[in-house]
Amino acid sequence: MRLFLIAAALATLNTPAFAQDADAPLELPPVVMSTEHPGEIAVDAYERSDANAGATPFQGTAMWEAFHGEAGVSRIVDAFVARNVADPRIAGTFVSHDLIRLRRTLKEQFGYILGGPVTYSGRDMESSHRDLGLQAADMGALVENLQAAMQAEGISFPAQNRFLAKLAPMKPDVVTR
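Taking our numbering, the leading residue of the sequence shown gets 11, the next gets one more, and so forth.
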């Protein structure tokens, strides 16, 4: 019986719907690259606003300085994204994402919220997370990975907690299942 099932499956693969001419190139949809941000895949137009960052910025520069400015935020985001991509709990979420754009917009978002001299150019939180199907457990993994990245950068616990308190109200826009 098992041999019959294998033979039937192989025969199905040779039908026109599944057959692939060995000489014909595999056709994939074209990838349109961004002209504004080299290395990124282009996205549909949207209204750009700092309000899309999902939180108001801290007043003054104390938090920006506590996070070691642009260099510190950059290291935190790079470590955060690397941890998420390697985390088996949530890695699948990032498989088809433009990680170059993700890193850039997270650096902008974090920098803006931390009170740095940064403008946020990304989409709003609801539309950028709508199709990801994130659950509360996924959000928990993201927070753990962000905490680990901030800890590796030597950010104090009080500064980490203040930043996480700014991000927490975004949960309803990020968790969609």
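Glycine residues also receive a C-beta, built at the ideal position from the N, C-alpha and C atoms.
Problem - CB-CB length for Val95 against Met149, believed under 8 Å - result: Not confirmed; about 17 Å, so no contact.
Practice task
Would you kindly check if the distance between the Cβ of Gly64 and the Cβ of Met180 is under 8 Å?
Solution key: yes
Practice task
Give me the Cα-Cα distance between Tyr74 and Leu116, rounded to the nearest whole angstrom.
Solution key: One detail in the question is off: residue 74 reads as Trp in this sequence, not Tyr. Looking at the two C-alpha atoms, the distance is approximately 15 Å.
Practice task
Please report how far the alpha carbon of Thr22 lies from the alpha carbon of Gly82, in whole angstroms.
Solution key: In this predicted model, Thr22 has a pLDDT of only 44, less than 50, meaning its place in the structure is not dependable; the value taken from the coordinates is given anyway. Straight-line Cα distance between these residues: approximately 55 Å.
Problem - 7 Å CB neighbourhood of Ala76 in its chain, flanking five on each side removed - result: Ile165, Ser166 and Ala169
Exercise for the section: In angstroms with no decimal places, state the Cα-to-Cα distance between Phe104 and Gln145. Expected result: 14 Å
Problem - C-alpha gap between Pro39 and Leu142, whole angstroms - result: Residue placement at Pro39 cannot be trusted, given a pLDDT of 48 that sits under 50; what the coordinates show is reported in the next sentence. So the two alpha carbons sit approximately 21 Å from each other.
Handout entry: Secondary structure of Ala65, DSSP reduced to three states
Key = coil
Exercise for the section: Thinking Pro135 and Asp60 are a contact (beta carbons under 8 Å), I'd like their distance in whole angstroms, please. Expected result: The sequence shown places Met at residue 135, rather than the Pro named in the question. Actually they are not in contact, since the Cβ atoms of Met135 and Asp60 sit about 13 Å apart, beyond 8 Å.
Handout entry: For Gly121 and Pro127, the rounded distance between their alpha carbons
Key = 7 Å
Exercise for the section: Please state if the CB of Ala162 and the CB of Arg99 are separated by a distance shorter than 8 Å. Expected result: no
Problem - Burial state of Asn62, where buried means 16 or more other Cβ atoms lie within 10 Å - result: buried
Handout entry: Residue closest to Arg58, alpha-carbon to alpha-carbon, out of Gly102, Ala72 and Glu118
Key = Glu118
Handout entry: Pick from Leu112, Ala147, His139 and Arg140 that is closest to Ser131, judged by C-alpha positions
Key = Leu112
Handout entry: Under the three-state DSSP convention, the category Met43 falls into
Key = The predicted position of Met43 is uncertain, since its pLDDT is 49 and thus under 50; no value can be drawn from it.
Exercise for the section: Just tell me which of Asn171, Ala158, Arg172 and Gln69 has its CA closest to the CA of Val87. Expected result: Ala158
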